[in-house]
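A short write-up of the structure that comes next.
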Amino acid sequence: MTNTTHASFVIERTYSASPPRVFAAWADPEAKRAWFVEGEGWDIQSYAIDFREGGGETSTFRFIKGQETFGEETIFGNQTVFNEIAPNERIVFTYAMDRNGKRFSISPVTVELKPAGAGTRFTFTEHGAYFEGADGVKMREAGWHELLQKLADHLARAN
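As structure tokens, this is what we get:
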């Protein structure tokens with residue numbers, strides 16, 4: 252029998268970009284790929300997004316040799332389903348992650364966007380179920396902090 256760990260975390264940020272610009276960075280396939288998928292140390296093997304309710308997002312990737320944590324041949328997979336989309340306000344999705352074809356976590360997520368002056372108050376809430384071999388909530392939260400900083404950098408460049 253394997254153990255399942257349940258954990259939640261919330262990340263709050265303020266972006267200088269308006270809610271429509273932050274939302275577009277999630278909704279536009281090229282913009283999303285730029286901040287969410289591309290990056291140093293990753294070999295992206297596949298990526299596709301269909302940003303609509305009931306649509307999905309999939310990717311497979313591995314660490315580039317010399318920077319891997321789990322081994323050079325470790326292939327990660329991400330499968331996302333967009334459950335609810337309220338343009339410029341909220342995105343609710345569920346994502347599952349695999350390592351070499353074995354599922355190690357499933358997480359529902361809510362992204363909330365609220366006007367804050369000329370910018371956006373951004374709230375990211377994840378409730379995770381982490382299975383045997385999972386990275387755990389601390390590493391997952393750290394990963395999302397890194398991704399959301401990449402989103403901030405993307406928004407600053409697009410300004």
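If you count the sequence shown from 1, position 126 lands on 377 in my numbering, and the numbers rise without skipping. Built from N, CA and C at the ideal position, the CB exists for glycine as well. In this text the structure is predicted, and so the values were computed from the model without any measurement.
Item checked: Residue(s) in a DSSP beta bridge with Trp293 -> In the sequence shown, counting from the first residue as 1, residue 293 sits at position 42. Residue pairing by DSSP places Trp293 opposite Phe314 in a beta bridge.
Notebook entry, point to check: With which residues is His257 paired in a DSSP beta bridge?
Noted result: Indexing the sequence shown from 1 puts residue 257 at position 6. According to DSSP, His257 bridges with Ala380.
Next item on the list: Determine the closest residue to Ile315 out of Ala299, Arg341, Gly290, with distance taken between C-alpha atoms.
Entry: What you label residue 315 is simply residue 64 of the sequence shown in a count that begins at 1. Minimum Cα distance to Ile315 is reached at Gly290.
Notebook entry, point to check: Among the residues of its own chain, which have a CB less than 6 Å from the CB of Met252, if the five just before and after it don't count?
Noted result: One-based indexing of the sequence shown puts residue 252 at position 1. Residue confidence for Met252 is low, a pLDDT of 48 falling below 50, so the modelled location carries little weight; the figure read from the coordinates is stated next. Answer for Met252: no residue qualifies.
Notebook entry, point to check: Does the distance from the C-beta atom of Ala268 to that of Leu399 stay below 7 Å?
Noted result: Here residue 268 refers to the residue found at position 17 of the sequence shown. Here residue 399 refers to the residue found at position 148 of the sequence shown. Not in contact: Ala268 and Leu399 (Cβ atoms no closer than 7 Å).
Checklist line | CA-to-CA distance, Gly368 to Thr345, given in whole angstroms | finding: Mapped onto the sequence shown, residue 345 falls at position 94. Mapped onto the sequence shown, residue 368 falls at position 117. Spanning the alpha carbons of Thr345 and Gly368 requires a straight line of approximately 30 Å.
Notebook entry, point to check: Using the C-alpha atoms, what's the distance from Arg284 back to Thr300?
Noted result: As a working mapping, residue 300 is identified with position 49 in the sequence shown. As a working mapping, residue 284 is identified with position 33 in the sequence shown. The question names Thr, but residue 300 in the sequence shown is Ile. It is roughly 9 Å from the alpha-carbon of Ile300 to the alpha-carbon of Arg284.
Check: Straight-line CA distance for Asn329 to Thr265?
Finding: Looking up residue 329 in the sequence shown gives position 78. Looking up residue 265 in the sequence shown gives position 14. Computed Cα separation, rounded: 27 Å.
Notebook entry, point to check: Exposed or buried, Glu308, counting other C-beta atoms within 10 Å across all chains shown (16 or more means buried)?
Noted result: As a position in the sequence shown, residue 308 is number 57, starting the count at 1. Its Cβ being crowded by 16 or more others within 10 Å, Glu308 is buried.
Notebook entry, point to check: For Met252, which three-state DSSP category applies?
Noted result: Position 1 of the sequence shown, counting from 1, holds the residue named residue 252. No answer about Met252 holds up, because its pLDDT of 48 lies below 50 and its placement is not dependable.
Item checked: Beta-carbon proximity list for Ile336, same chain, < 6 Å, skipping 5 on both sides -> Numbered from 1 along the sequence shown, position 85 holds the residue referred to as residue 336. Excluding five sequence positions before and after Ile336, the CB atoms of its chain that fall closer than 6 Å to its own CB belong to Glu304, Ile342, given in chain order.
Checklist line | Beta bridge counterpart(s) of Leu364 as assigned by DSSP | finding: Looking up residue 364 in the sequence shown gives position 113. Beta-bridge analysis with DSSP links Leu364 to Phe373.
Next item on the list: Inspect the beta-carbon positions of Ser358 and Gly387 and report whether they are closer than 7 Å.
Entry: Sequence index remark: in the sequence shown, residue 358 carries index 107 (1-based). Sequence index remark: in the sequence shown, residue 387 carries index 136 (1-based). No. Outside cutoff.
Next item on the list: Can you tell me which of the three DSSP states Pro338 falls into?
Entry: The residue given as residue 338 occupies position 87 in the sequence shown. The answer is coil: DSSP assigns Pro338 none of H, G, I, E or B.
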